[in-house]
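Data block below; observations after.
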């Protein structure tokens with residue numbers, strides 16, 4: 001150490017030296033708490049809370065069975081809403097089922113178009129594509145009507161069924177003033193059938 005600093009520190013009153021030492025010890029204790037003890041204690045509390053939850057859940061298998069039954073019924077309900085068969089049932093007549101689903105989709109699109117004041121000029125089936133765990137089918141449609149009605153119709157389509165989506169569309173002015181013509185692809189998603 002520098003002899004001049006030692007001389008200056010020795011010239012300070014004892015009370016000031018004690019206060020500086022106590023302040024230094026408080027700073028060291030705070031640093032030790034924040035950097036050395038607090039994080040491991042928080043991790044230990046989290047591990048103990050998880051262990052308590054696991055011990056509580058593991059003691060009663062009936063609670064797990066009721067949760068599993070509730071999840072199965074919810075899965076079946078969602079499968080029905082999406083228009084898919086339950087996972088346990090074998091897929092029979094899938095071509096006939098997809099044709100019926102397509103006819104139902106066209107009927108629903110026509111009803112929605114009529115409700116929104118849109119003219120449905122033509123509908124053709126879109127090619128099916130495999131996307132991840134889903135099969136994307138649907139239709140290509142040509143419609144015309146006022147711009148606001150077309151937007152309302154598109155919104156009604158996406159709200160009609162949870163498996164419907166607007167995949168793409170092109171708008172251009174129609175021959176009639178104030179009207180818009182649109183080519184639109186409406187995608188209908190369904191889960192892919194599992195193959196043994």
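In the numbering used here, the protein residues as written are 1 to 196. Note that beta-carbon positions come from the ideal geometry of N, C-alpha and C, so glycine has one too.
Residue 142 carries a strand assignment under DSSP once its states are collapsed to helix, strand and coil. For residue 138, same chain residues with a beta-carbon under 6 Å away, outside a window of 5 residues either side, are 126, 186, 187 and 188 in chain order. Listed in chain order, the non-local C-beta contacts of residue 168 below 6 Å within the same chain comprise 185, local neighbours out to five positions each way being set aside.
Rounded to whole angstroms, residue 67 and residue 99 show a C-alpha spacing of 36 Å. The residue from 130, 142, 129 and 178 with its alpha-carbon nearest to that of residue 148 is 178. Per DSSP, the continuous beta strand (DSSP E) segment holding residue 125 begins and ends at 119-125. Where residue 10 is concerned, the enclosing alpha helix (DSSP H) starts and stops at 3-11.
The continuous beta strand (DSSP E) containing residue 170 extends over residues 164-173. By the criterion of a C-beta distance shorter than 8 Å, residue 106 is surrounded in its chain by 123 and 139, once the five residues flanking it on both sides are discounted.
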